[in-house]
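Residue numbers (full-length UniProt numbering): 1 to 516.
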């Protein structure tokens with residue numbers, strides 16, 4: 001038997017009365033969280049859920065998320081988390097594609113009526129037999145549909161966990177779908193367990209740590225490196241559903257948070273935010289470690305953050321199909337700012353060319369990897385699986401380079417590469433240079449259609465406060481600092497860049513905007 005839910009059961013025994021999660025003024029101990037997960041499992045078993053069934057979940061970072069997550073796993077069923085920003089048609093696609101039997105959906109708010117979208121989607125998913133609303137907003141809602149509380153009410157607080165195998169699927173997690181319709185990556189109990197262990201080893205996580213969990217738990221980054229890793233070690237997880245620099249600083253100060261993980265846009269926001277009452281030493285005196293992932297962290301942002309707050313930021317690389325950690329900067333073998341570190345334990349990494357030949361240090365190519373972290377495949381999509389999984393090697397689609405000491409550097413996504421007049425332009429290289437401009441606070445670069453060159457380089461620029469400069473000046477500065485085929489010919493100033501629920505800059509939205 002090997003079931004990921006055992007990490008919660010074990011911590012409930014070892015750290016029974018210690019806080020597992022806190023949200024607003026609510027704190028739940030490890031024993032209480034395990035009891036709630038057992039009630040979920042009993043409720044699911046009562047409605048006929050059996051091992052291998054899919055259970056969908058749309059939920060922000062609140063205590064119900066880990067309770068449902070581990071409750072589902074205890075039954076031997078497969079958890080299928082959804083991005084909470086999905087609309088009704090998108091949710092229906094995910095429910096139908098995954099063949100989910102039941103769906104837990106957070107009620108949401110006026111700004112984000114996820115419950116309404118979920119209810120609409122449920123009626124367009126004939127295989128989904130059960131719908132449960134989490135935290136109904138009104139009495140009418142509570143009477144209209146079944147709720148999470150209806151499922152768990154009067155259920156026993158003990159449960160005999162299903163005897164799943166290590167290689168059985170535990171999680172079906174959907175990729176972002178930026179290259180077409182989203183695909184469900186199948187991750188096993190051992191995939192997730194090994195990655196959680198890796199995270200605790202890399203971060204030296206203990207039961208004395210307090211983690212600020214603002215990364216969405218429906219995303220593999222927050223789910224594995226914070227929730228699963230933290231619960232395995234008995235850490236205290238402070239949940240925050242939505243990133244806000246003021247709230248982040250206040251929670252770090254109130255709970256004496258020691259570990260923070262975020263995406264690059266979060267670090268950029270913290271650098272550019274000045275709190276009225278909490279000084280910078282709130283971070284310096286509490287945090288011992290920051291982790292960045294989800295997208296490449298601009299070197300300028302990393303340097304500015306470490307200079308201002310005097311806390312190390314360790315960058316790694318991963319993807320949903322890799323559970324997610326593939327490489328990481330490990331204190332024990334050295335770290336290199338700007339790199340994504342070295343291959344983690346049990347994982348092999350190579351850089352290859354278009355023919356599959358391994359490239360030597362210093363040459364750019366596609367990053368591929370194999371090991372205990374590689375997914376079993378995309379659910380019911382054999383052709384797409386065969387396209388990325390070849391002879392056990394996962395082909396990432398990311399362009400990277402390795403240095404002589406074995407440290408890897410992400411150059412860009414293959415799909416983001418711009419081909420201008422037959423020359424390859426990697427947006428991240430352009431962005432790194434432009435971030436050095438004294439007036440630029442944040443920048444992202446895309447390729448736009450061009451009759452003469454095929455594609456042209458365009459930069460969307462967020463200026464620093466009180467900076468005034470015109471686009472031509474940015475173009476001329478860029479021309480002086482990079483190769484003639486790389487610099488952006490077009491510059492558009494914006495107040496902010498479109499950001500996904502996971503904090504990534506949505507280049508797809510910018511490309512669509514540029515076509516209008």
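Backbone N, C-alpha and C fix where the C-beta goes; we use that ideal spot for every residue, glycine too.
task: Within its chain, find whatever has a CB closer than 7 Å to the CB of residue 88; leave out the 5 residues flanking it on each side and keep chain order.
output: The residue given as residue 88 occupies position 88 in the chain shown. The answer, listed in chain order, is 117, 120, 121.
task: State the start and end residues of the unbroken alpha helix (DSSP H) segment that holds residue 137.
output: As a first step, residue 137 must be located in the chain shown, where it is residue number 137. Careful: residue 137 lies outside any alpha helix (DSSP H) and carries neither H nor E.
query: Using a C-beta cutoff of 8 Å, does residue 338 count as contacting chain B?
result: You won't find chain B in this structure, because it holds only one protein chain.
Simplified DSSP assignment, three categories, for residue 89: Within the chain shown, numbered from 1, the residue matching residue 89 stands at position 89. In the displayed model, residue 89 falls within a helix according to three-state DSSP.
message: Looking at the secondary structure, which residues open and close the alpha helix (DSSP H) in which residue 148 lies?
response: Start at 1 with the first residue of the chain shown, and residue 148 comes out as number 148. It spans 148 to 152 - the alpha helix (DSSP H) in which residue 148 sits, taken as one unbroken run.
query: So, are the CB atoms of residue 186 and residue 172 less than 8 Å apart?
result: The residue you call residue 186 lines up with position 186 of the chain shown. The residue you call residue 172 lines up with position 172 of the chain shown. Yes.
message: Going by C-alpha to C-alpha distance, which of 488, 184, 72 sits closest to residue 384?
response: By one-based count along the chain shown, residue 384 stands at place 384. Ranking 488, 184, 72 by Cα distance to residue 384 puts 184 first.
message: Can you list, in chain order, the residues of its chain with a C-beta nearer than 6 Å to that of residue 346? Leave out the 5 residues immediately preceding and following it.
response: Taking the first residue of the chain shown as 1, we reach residue 346 at position 346. These residues qualify, in order along the chain: 371, 372.
N- and C-terminal bounds of the beta strand (DSSP E) containing residue 518: Since the first residue shown for the chain is 1 and the last is 516, residue 518 is missing from the structure and cannot be characterised.
message: Using only the alpha-carbon positions, how far apart do residue 501 and residue 216 sit?
response: What you label residue 501 is simply residue 501 of the chain shown in a count that begins at 1. What you label residue 216 is simply residue 216 of the chain shown in a count that begins at 1. In a straight line, the C-alpha of residue 501 is about 7 Å away from that of residue 216.
Cβ neighbours of residue 505 in the same chain (closer than 6 Å, five flanking residues each side left out): Taking the chain shown and counting its residues from 1, the one referred to as residue 505 is at position 505. Taking C-beta separations shorter than 6 Å and ignoring five residues to either side along the sequence, the partners of residue 505 in its chain run 444, 497, following chain order.
message: With H, G and I counted as helix, E and B as strand and the rest as coil, what does DSSP make of residue 105?
response: Looking up residue 105 in the chain shown gives position 105. Strand at residue 105.
- prompt: Which residues in the same chain as residue 513 place their Cβ atom closer than 8 Å to its Cβ, once the five residues preceding and following it in sequence are excluded?
  reply: Along the chain shown, read from residue 1 onward, the residue named residue 513 stands at position 513. Cβ within range, chain order: n/a, list empty.
- prompt: Under 8 Å, do residue 30 and residue 41 count as touching if we go by C-beta distance?
  reply: Sequence index remark: in the chain shown, residue 30 carries index 30 (1-based). Sequence index remark: in the chain shown, residue 41 carries index 41 (1-based). The answer is no: Cβ separation not under 8 Å.
- request: Would you please state the rounded distance, in angstroms, between the beta carbons of residue 164 and residue 38? I believe it to be under 8 Å.
  value: Here residue 164 refers to the residue found at position 164 when the chain shown is read from its first residue. Here residue 38 refers to the residue found at position 38 when the chain shown is read from its first residue. About 16 Å; that fails the 8 Å criterion.
message: Assuming residue 231 and residue 252 are in contact, meaning their beta carbons sit under 8 Å apart, how far apart are those beta carbons, in whole angstroms?
response: Your numbering for residue 231 matches position 231 in the chain shown. Your numbering for residue 252 matches position 252 in the chain shown. 20 Å between Cβ atoms; not a contact.
- request: For residue 517, count neighbouring C-beta atoms within 10 Å of its own C-beta (all shown protein chains included) and say buried if the count is 16 or more, exposed if not.
  value: A query on residue 517 cannot be resolved here, the shown segment of the chain reaching from 1 to 516 and no further.
task: Would you list the residues sitting across from residue 174 in a DSSP beta bridge?
output: Locating residue 174 in the chain shown gives position 174, where the first residue counts as 1. DSSP, once it has assigned bridges, lists 184 as partnering residue 174.
- request: Please determine if the segment 314 to 324 and the segment 219 to 228 are in contact, where contact requires at least 3 C-beta pairs separated by less than 8 Å.
  value: yes
query: Between the segment 444 to 453 and the segment 470 to 479, do three or more beta carbon pairs fall short of 8 Å?
result: no
query: Where does residue 297 fall in DSSP's three states?
result: Counting from one through the chain shown, the residue named residue 297 turns up at place 297. Residue 297: coil per DSSP, three-state reduction.
query: Does the segment 403 to 410 touch the segment 458 to 467, meaning 3 or more C-beta pairs lie closer than 8 Å?
result: no
- request: Go ahead and label residue 331 buried or exposed: buried means 16 or more other beta carbons lie within 10 angstroms of its beta carbon, across all protein chains shown.
  value: Counting from one through the chain shown, the residue named residue 331 turns up at place 331. Counting Cβ neighbours within 10 Å, residue 331 comes out exposed, since fewer than 16 surround it.
field: Residue range of the alpha helix (DSSP H) that includes residue 11
entry: Along the chain shown, read from residue 1 onward, the residue named residue 11 stands at position 11. Here the alpha helix (DSSP H) through residue 11 covers 6 to 14.
- prompt: Count the other CB atoms within 10 Å of the CB of residue 421; is the residue buried (16 or more) or exposed (fewer)?
  reply: Residue 421 sits at position 421 when you count from the first residue of the chain shown. Counting Cβ neighbours within 10 Å, residue 421 comes out exposed, since fewer than 16 surround it.
- prompt: Pick from 9, 128, 50: whose alpha carbon is nearest that of residue 57?
  reply: If you number the chain shown from 1, residue 57 lands on position 57. The shortest C-alpha separation from residue 57 is found at 128.
- prompt: Considering residue 260, what are the terminal residues of the alpha helix (DSSP H) in which it resides?
  reply: For the purposes of this step, residue 260 is identified with residue 260 of the chain shown, where counting begins at 1. Residue 260 -> not in any alpha helix (DSSP H); beta strand (DSSP E) instead, spanning 259 to 262.
task: Return the residue from the list 493, 102, 9, 485 that minimises the CA-CA distance to residue 474.
output: On the chain shown, position 474 is the one that residue 474 refers to. Residue 474 has its Cα closest to that of 493, out of 493, 102, 9, 485.
- request: Report the three-state DSSP secondary structure of residue 439 (helix, strand or coil).
  value: To locate residue 439, count along the chain shown from 1; it is residue 439. Correct three-state label for residue 439: coil.
message: Rounded to whole angstroms, what is the Cα-Cα separation between residue 267 and residue 59?
response: Translated into the one-based positions of the chain shown, residue 267 becomes position 267. Translated into the one-based positions of the chain shown, residue 59 becomes position 59. Their Cα atoms are separated by approximately 24 Å.
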